[in-house]
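Structure first, then comments.
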Amino acid sequence: MLTALLVMLGLALLLGIVLGYSALKFKVEGDPLVDKIDAILPQTQCGQCGYPGCKPYATAIAKGEADINQCPPGGDAGMRALADLLGVEPKPLNAEHGLPKPKSVAVIDENLCIGCTLCIQACPVDAILGAAKHMHTVIASECTGCELCLAPCPVDCISMEPIGESVATWKWRYPVYELKQTA
Amino acid sequence: MISRLFKFNGGVHPPQHKLESANTPIVTVPMPRRLVLPLRQHVGNISKLQVAVGDKILKGQLLAIADGMISAAVHAPTSGTIAAIEAQLIPHASGLPDLCITLEADGEDRWIERQPLDFRALPKSEVIARLRDAGVVGLGGATFPSHVKLREDARHPVATLILNGAECEPYITCDDRLMRERAEEVVRGIEIMQYLLGAPRCMVGIEDNKPEAAAAMRAACAKSATAIEVVEVPTLYPGGGAKQLIKVLTGREVPSGKLPTEIGVQCFNVATAYTVHRFVNFGEPVISRIVTVTGNVAHPGNFEVPLGLAIDELVTAAGGAGSETNGYIMGGPMMGFNLPSIHVPVVKATNCIIASAPRMFPTQPPALPCIRCTRCADACPVNLQPQELYWFAKSQNLEKARDYNVFDCIECGCCNYVCPSHIPLVQYYRFAKSEIIAQDKAKQAANLARERNEFRLARIEREKQERAAKHAQRAAGAKTESSEADEAKKAAIAAAMERAKAQKAEVSPKNTEDLPAAAQAEVAAIDARRAETTSEQPEAGNPVQEKQEN
């Protein structure tokens, strides 16, 4: 009887020490779920979801404050990936937050630009290059197509141009063919 | 020396159709008036333009240089004037236009100064850089820049150099004719490659349906100073795939996702060896290639064609296409693709043009559902599970397709060929591959955007803190200054008060001095009493009174 008690007590102590040690040693910094959600989001940083960027939206989803259907650039595929990750039912994108558009880049009309730097301050990924009273230009390869630079421009010289398909970005299509009618 | 041969899994025996074009000598096509040269004729980065519209160009002059390591140069196939630099239709499965140089020939065909390279005297890296600037790419059809494969790598020394003369695809005979007619020149090129790689052993693999080519190569190799073995391999499609040929000749399998150099083997096409020879020994960059024109044409055969020649002119040179022709295939019937138009130029990848007719390639019967017979798995030369890959690609379960090594698929079409349900399996794998690549690229772009956004937020935060720190510093500085000023002021006030007190004491009328002693004593007593009351009153703590007193 006493031996059994001692054994159980010893085990409890030992496991407690192991668990306590691992809780300290393998402590996870931050919320891993936020990072997982953030990895699915398209990182456009457009704010269409109502949050000031993808990370804040990811944090809000993780806390249960935001829904998974608020990200138009992520599209249906992004929403499905989020539903998959969080184990919830997929739902159609919320039109309140905008509709998915073809991927575009901002283009500055360099004849009209007055060099006010407002778009530079608005760009969430520092993809606009320029200085005060000097012409600005968009680094197309860094532009996420968030459209945040359109509104601040006082002379409306920025337009969004869809990225067309080129030989370098072309993809093989999903095969579509007729199946033989058997019945 | 007869080496033992090995076998790869699967493979098929499609009808050969090689005799139509294999029995006539190579014909040189006359220089056309107009050439269109795409800047994307190789795997890797698009070449960088070096000329402008209106420039006078000599034959062999550099038009565009290699951009980065995986890239190759483009040269002028004849002398003339640059007429245009614009997007034009190129021979690509997408049917999309890409940047091309249009060269108007002047008919003089005047060469730029050509200099043979003393490759043994120059450092190897210099020879390899020159090959890059000569536009040498793999001419088997994949057009991978050859200079990348010719670099000596200390970690993976090449023990065996393999020259691919297998030419396993039906209809194609350009390598066959090249080996028959220009075997010695091919061998000169092989010697240069072997020297550059430092490979002790060298083999030329030729399928046994080309005995004339094998005999010609054997004769040429016998005259060579280095030992080059010519090995006839069994005719079995796709025995000309690099990994399959390596397996057959050496018995070693290139691991999944690895390069042949990691098992000490490097593999080149025989036509590539020929271009290396032309460049090193004659100073001629890659400006032409041998193309098989066959199928539904009047005179099928092989043609030495300047790059940039329109394919319709090439078909005309072969006697024109028959009336039933319903399309043109670039490459072989197994791996080639339908040209989007006949008005596209010949590029470095163009090894064969087949004018197709319904009698040659009858339309596939409608597909039936997969019955999981696994004939495709038996035929697959890379030991994949095509029936599984088909499910995953069809359901767009791309991660699973990747796990099942869809990227090891060489798109040889053996599975299509044997499928009793006539399912276009390779189309599914191509779709899955390009979709996965696109997703990976999007993921990379997203990671870059995240990084840039985080950096920007961190920068804004840092700037805010710096500004706050600066403000705080300025505020603190102002405070210390003002307190000093205050103290100075206070001290001044105190000093003034002192002075005033002293002055008051000095100027106060001391009219009691002349009084008698008794009166003086009385005054002193009154003063004492007054002093007593004034010192007592603050203790009483009556501010009003105090004020009144003051």
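For the record, the sequence lines run as chains A and B.
Going by our numbering, the first residue of the first sequence is number 39, and it counts up by one from there.
Going by our numbering, the first residue of the second sequence is number 6, and it counts up by one from there.
Here a beta-carbon is modelled for each residue, glycine too, at the ideal position from N, C-alpha and C.
For residue i, which residues in chain C fall below 9 angstroms Cβ to Cβ?
i: arginine 118/A; result: Of the chains in the structure shown, none is chain C; the protein chains are A and B.
Considering only the beta carbon of each residue, do residue i and residue j sit closer than 8 angstroms?
i: leucine 136/B; j: leucine 166/B; result: no
i: alanine 454/B; j: threonine 182/A; result: yes
i: tryptophan 219/B; j: glutamate 237/B; result: The sequence shown places alanine at residue 219/B, rather than the tryptophan named in the question. Their beta carbons are under 8 angstroms apart, which means alanine 219/B touches glutamate 237/B by this criterion.
i: methionine 184/B; j: alanine 221/B; result: yes
i: methionine 339/B; j: tyrosine 242/B; result: yes
i: isoleucine 292/B; j: leucine 314/B; result: no
i: glycine 140/B; j: valine 56/B; result: no
i: arginine 294/B; j: leucine 108/B; result: no
i: glutamine 266/B; j: valine 163/B; result: What sits at residue 266/B in the sequence shown is threonine, not glutamine. Contact flag set, yes.
i: isoleucine 316/B; j: isoleucine 359/B; result: no
i: alanine 323/B; j: proline 305/B; result: yes
i: valine 58/B; j: phenylalanine 308/B; result: no
i: tyrosine 176/B; j: threonine 297/B; result: yes
i: lysine 223/A; j: serine 130/B; result: Given that chain A is displayed from residue 39 to residue 221, the structure contains no residue 223/A and the question cannot be resolved.
i: alanine 437/B; j: valine 411/B; result: yes
i: glycine 327/B; j: asparagine 343/B; result: no
i: isoleucine 404/B; j: arginine 435/B; result: Per the sequence shown, the amino acid found at residue 404/B is glutamate instead of isoleucine. Not in contact: glutamate 404/B and arginine 435/B (Cβ atoms no closer than 8 angstroms).
i: glycine 85/A; j: leucine 186/A; result: yes
i: alanine 92/B; j: glutamine 81/A; result: no
i: isoleucine 90/B; j: proline 43/B; result: no
i: lysine 64/B; j: proline 82/B; result: yes
i: asparagine 301/B; j: serine 229/B; result: no
i: proline 150/B; j: valine 285/B; result: no
i: threonine 148/B; j: glutamine 46/B; result: yes
i: proline 374/B; j: serine 426/B; result: yes
i: leucine 168/B; j: phenylalanine 287/B; result: no
Under the DSSP definition of a beta bridge, which residues are partnered with residue i?
i: histidine 80/B; result: Leu67/B
i: threonine 175/A; result: Leu167/A
i: proline 557/B; result: Residue numbering for chain B in the displayed model covers 6 to 555; residue 557/B lies beyond these limits and cannot be assessed.
i: proline 200/A; result: Ser142/A
i: alanine 372/B; result: Leu217/A
i: glutamine 449/B; result: In DSSP, glutamine 449/B forms no bridge with anything.
i: threonine 600/B; result: Summary: the structure shown does not reach residue 600/B, with chain B confined to residues 6 through 555, and so no result is reported for it.
i: alanine 110/B; result: Gly85/B
The beta strand (DSSP E) spanning residue i covers which residue range?
i: glycine 300/B; result: 293-300
i: glutamine 159/A; result: From DSSP, glutamine 159/A is part of no beta strand (DSSP E) but of the alpha helix (DSSP H) over 156-160.
i: valine 153/B; result: Counting along the chain, valine 153/B falls outside any beta strand (DSSP E), though it belongs to the alpha helix (DSSP H) covering 151-155.
i: glycine 306/B; result: 306-311
i: arginine 407/B; result: Here arginine 407/B belongs to no beta strand (DSSP E); instead the alpha helix (DSSP H) covers 403-408.
i: proline 43/B; result: 39-43
Along the alpha helix (DSSP H) that carries residue i, what are the first and last residues, could you check?
i: serine 328/B; result: That residue, serine 328/B, is in no alpha helix (DSSP H); it is neither H nor E in DSSP.
i: glutamine 392/B; result: 391-399
i: glutamine 199/B; result: 188-202
i: asparagine 421/B; result: 419-423
i: aspartate 122/A; result: 113-124
i: glutamine 249/B; result: 247-255
i: arginine 283/B; result: 275-287
i: arginine 223/B; result: 216-228
According to the neighbour-count rule (16 or more other Cβ atoms, all chains shown, within 10 Å of its Cβ), is residue i buried or exposed?
i: tyrosine 409/B; result: buried
i: glutamine 369/B; result: exposed
i: alanine 474/B; result: exposed
i: arginine 9/B; result: exposed
i: threonine 29/B; result: exposed
i: glutamate 199/A; result: exposed
i: glycine 546/B; result: Note on glycine 546/B: pLDDT 43, under 50, position unreliable in the model; no value is reported.
i: valine 528/B; result: exposed
i: tyrosine 279/B; result: buried
i: methionine 46/A; result: exposed
i: arginine 283/B; result: buried
i: asparagine 356/B; result: buried
i: isoleucine 211/B; result: buried
i: glutamine 271/B; result: buried
i: glutamine 108/A; result: buried
i: alanine 398/B; result: buried
i: cysteine 378/B; result: exposed
Is the stretch 94-103 of chain B in contact with the stretch 68-75 of chain B, if contact means three or more CB pairs nearer than 8 angstroms?
Because the criterion of three Cβ pairs below 8 angstroms is not met, the stretch 94-103 of chain B and the stretch 68-75 of chain B do not touch.
Three CB pairs or more closer than 8 angstroms across the stretch 386-394 of chain B and the stretch 11-23 of chain B
The stretch 386-394 of chain B makes contact with the stretch 11-23 of chain B: 3 or more CB pairs, one atom from each, lie closer than 8 angstroms.
Given 8 angstroms as the limit, is there contact between the stretch 21-41 of chain B and the stretch 170-188 of chain B, that is, 3 or more CB pairs closer than that?
Touching, yes.
Would you call the stretch 94-108 of chain A in contact with the stretch 455-473 of chain B, where contact means no fewer than 3 C-beta pairs closer than 8 angstroms?
Short answer: they don't touch.
At least 3 beta-carbon pairs within less than 8 angstroms: the stretch 143-150 of chain A vs the stretch 171-190 of chain A:
Judged by pairs of C-beta atoms under 8 angstroms, the stretch 143-150 of chain A touches the stretch 171-190 of chain A, as three or more such pairs exist.
The stretch 431-441 of chain B contacting the stretch 410-423 of chain B, beta-carbon criterion three pairs below 8 angstroms
Cβ pair count under 8 angstroms is three or more, so yes.
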